[in-house]
Structure formats: structure tokens, C-alpha cells
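For reference, each letter of the sequence shown is one residue, going 1 to 97 in full-length UniProt numbering.
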Amino acid sequence: MGIRHIALFRWTEDVTPEQVEQVEKILGGLPGAIPELKSYSFGADLGIGTGNHDFAVVADVEGESGFLAYQNHPDHQAALRVIRPMLADRAAVQFDI
1 MGIRHIALFR WTEDVTPEQV EQVEKILGGL PGAIPELKSY SFGADLGIGT
51 GNHDFAVVAD VEGESGFLAY QNHPDHQAAL RVIRPMLADR AAVQFDI
């Protein structure tokens, strides 16, 4: 059985479009670096609804061991070091798929 991980980010007010582009570039490299990722998508909120987070990441992995491998992978940890200072808020959930 697979696991879907969804992370939602709300940026601080001073985050620039260039910083978001840097995040997208870094995240774009993760599927090629982390074999446990079966599906991976991310993107900025389209601004259609109110009260939404600014950005989302959706990762599908095989089981808990796949999630832990993704979570602890050095490239993912490097991405988090870039993302964390930009965050005003974060929400996440993992569920079976």
C-alpha cells in the first residue's frame, strides 16, 4: 500500500517570486534523486479561493519505509533548509492510498 504526503506552505510576507522559483527548482530535482518517490508534484496556489496556503507539495511513496527514506534523504533535507526560513505556516498530512 502506498502513502500520499501533502505539505502546504504559507510564505512570510517578504518572500519574493525569485525565492519561490528557487524552491521549485530544488523540488524539481528530488524525483530524480530519491528513488522512493513514485509520484511527485508541487506548485503555487492559483489564487482562486480565499484563505488558501501559498504552495503545495504532493509526494506518493511505497509504505512507511518509503516515506521515511524521502523525509530523511539528504536532498530533501537540503530543500527544507531553503524552505523553512520562508515559512509563516506549514500543514502536512500523510494517508494511505
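Using N, Cα and C, we set each Cβ at its ideal position, and we do this for glycine too.
Lys55 versus Phe9 - alpha carbon distance: The sequence shown places Phe at residue 55, not Lys. Between Phe55 and Phe9, the C-alpha separation is close to 5 Å.
Quick check on DSSP: helix, strand or coil for His76? helix
Beta-carbon separation of Asp96 and Gly29 under 9 Å? no
Close-in-space but distant-in-sequence residues of the same chain around Ala69 (CB under 6 Å, 5 per side omitted): Glu36
In whole angstroms, give me the CA-to-CA distance for Pro17 and Glu24. 11 Å
Does the region 31-46 touch the region 68-83, meaning 3 or more C-beta pairs lie closer than 8 Å? yes
Opposite Leu37 in the DSSP bridges: which residues? Val61
DSSP puts Gln94 in a beta bridge; with which residues? His5
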